[in-house]
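Residues in the sequence shown are numbered from 4 upward in steps of one, following our numbering.
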Amino acid sequence: MLQRSAIARAHLHWVLVVDQDESAAGSLARRFQERGLMAHATASGQEALRLASLRKPTLAIIDLMLTDMDGVELARRLRALDPELAMVVTTGDRRPALEVEARRVGIVHYAHKPLDLDRLDAVTTRVLHSLERGQG
4 MLQRSAIARA HLHWVLVVDQ DESAAGSLAR RFQERGLMAH ATASGQEALR
54 LASLRKPTLA IIDLMLTDMD GVELARRLRA LDPELAMVVT TGDRRPALEV
104 EARRVGIVHY AHKPLDLDRL DAVTTRVLHS LERGQG
């Protein structure tokens with residue numbers, strides 16, 4: 004759960020959730036919204052890039068197995084738009100080589116599906132606190 008200081012500044016942050024399962028993306032975005040964060044869900048890597056070019060997300064949650072784009076490629080392209088973007092990647096694929104490739108992009112967390120939502124909350128809180136310390 005987000006702590007008070009993170010909630011107080013939640014309006015400054017927004018989370019981009021990209022998952023090939025549109026329902027899962029929507030559920031995760033709603034979870035962030037219930038914690039006071041702005042969040043947007045999409046099943047499309049191209050749509051994620053469009054949204055990120057309009058407004059830089061604070062955090063991106065990226066499924067590595069998207070239908071229109073490789074998730075690692077999406078992470079690379081998002082990184083090119085914003086070198087400071089915090090990214091968490093999710094996948095049901097347990098191949099170590101895929102994790103190594105994703106980590107090379109500079110992610111903050113690699114999560115296997117099914118997601119441990121409590122762990123994801125902890126990662127989100129840590130990322131927001133880190134950003135807040137950097138801002139002030």
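Built from N, CA and C at the ideal position, the CB exists for glycine as well.
Item	Value
Residue nearest to residue 75 in terms of C-alpha spacing, selected from 107, 118, 135	107
Where residue 20 falls: helix, strand or coil (DSSP)	strand
For residue 79 and residue 201, the rounded distance between their alpha carbons	One cannot answer for residue 201 here, as it falls past the ends of the chain, which runs 4 to 139.
Three-state secondary structure (DSSP) of residue 44	strand
Which listed residue (65, 81, 56) has its alpha carbon closest to that of residue 112	65
CB of residue 20 within 9 Å of CB of residue 55, strictly	no
Residue nearest to residue 91 in terms of C-alpha spacing, selected from 102, 38, 36	102
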